[in-house]
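In what follows, a structure is listed as structure tokens, so that the remarks can point back to it.
Residue numbers (the numbering used here): 2 to 311.
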């Protein structure tokens, strides 16, 4: 029997098949959301292309909150329900979860990545792991190992309040509040957030996050300030959540912006901001922080969820 796994993002959707409980990487396909009127149409197109007529299970990660088996994408006008999915793919057992929650299920099988923080201890076996993904938006997944099984609770951690620790933070928070009417941490930790930081420090009104990284590399002072501030906010955010969840199995940074920031983390003081002075510094020093490998974590996580559900 075949199982379907998928990752429905704000721009693209990706699907793959599991054969005999193992993810078939050769079956992976990616499609632009704009090519389909609804996510179920994309699912049906994929199954038709793969000539699949019968499925056992289906598990999809969706870039938005899932409530009572129904999801609305945060950054694209799509909705999908588990009932819709069951109807379109014919599987008797279906599951929708937030895309970061899905990625979290892959963390305990994760191998590789580039270490950016020298920790006192190596990742503790079966300890909690945490994924911080920064891209179009941002969110966090925390994976707990419980008696040989992994549990990842849903989260919308990108929408908690932006932490304010100095005068620059306060001025930026007022800048964001005037623009958005609220001030979530995602307003700084995202592609749009990086562009917003550049504007705050005197950069152009129209820019993408990738433009800021390029300008920083070219020596633009406002862009350097923007990237440095994003690195600082990221380090403080990871340190705060580290104390909440105690991820001694490791903290992993991912996402298009997270990966783009990687070369700048050491330059702009991520480690010293993360391992901040205080009585709990030994805890932070025992949390390895790494850049996650560039793999399809969403598909791998959905496959891990199905494997342990069998």
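We put the CB at the ideal spot given by N, CA and C, even for glycine.
Check the Cα spacing between residue 12 and each of 133, 77 and 178: the tightest is with 77. Counting the other CB atoms within 10 Å of its CB gives residue 2 a total below 16, which places it among the exposed residues. Contact between residue 105 and residue 302 holds: their C-beta atoms lie close to 6 angstroms from each other, under 8 angstroms. Nearest to residue 128 by alpha-carbon distance, out of 135, 152, 193 and 134, is 152. The beta carbons of residue 154 and residue 143 sit closer together than 9 angstroms. If you check the CB distance, residue 170 and residue 181 do not come in under 9 angstroms. For residue 43, the enclosing alpha helix (DSSP H) has its first and last residue at 40 to 50. Between residue 10 and residue 59, the beta carbon gap of about 17 angstroms keeps them out of contact (Cβ cut-off 8 angstroms). Here the region 73 to 91 does not lie against the region 265 to 273, with fewer than 3 beta-carbon pairs under 8 angstroms apart.
A distance below 8 angstroms between beta-carbons, with the five flanking residues on each side excluded, links residue 241 to the following residues of its chain, in chain order: 164. Between the alpha carbons of residue 174 and residue 184 lies a distance of about 6 angstroms.
For residue 27, the closest of 15, 36, 33 and 35 by C-alpha to C-alpha distance is 15. At the C-beta level, residue 292 and residue 257 stay beyond 9 angstroms of one another. The alpha-carbon separation between residue 50 and residue 101 amounts to approximately 27 angstroms. Cβ-Cβ distances below 7 angstroms link residue 208 to 196 and 199 in the same chain, with the five nearest sequence neighbours on each side left out; the list follows chain order. Residue 277 places its beta carbon less than 9 angstroms from that of residue 237.
Residue 148 sits exposed, since fewer than 16 C-beta atoms from the chains shown fall within 10 Å of its C-beta. The three-state reading of DSSP puts residue 242 in helix, counting H, G and I together.
Per DSSP, reduced to three states, the secondary structure at residue 12 is coil, with no helix or strand assignment. According to DSSP, residue pairing for residue 88 in a beta bridge does not occur. Taking a C-beta distance under 9 angstroms as the contact criterion, residue 211 and residue 192 qualify as a contact pair. If you look at residue 269, you'll find it isn't in any beta strand (DSSP E); DSSP assigns it neither H nor E. Straight through space, the alpha carbons of residue 37 and residue 223 are spaced by roughly 40 angstroms. Assignment of residue 176 by DSSP, reduced to helix, strand and coil, places it in the helix class.
Look at the region 112 to 200 and you find these whole runs of beta strand (DSSP E), each 3 residues long or longer: 130 to 135, 139 to 147 and 150 to 152.
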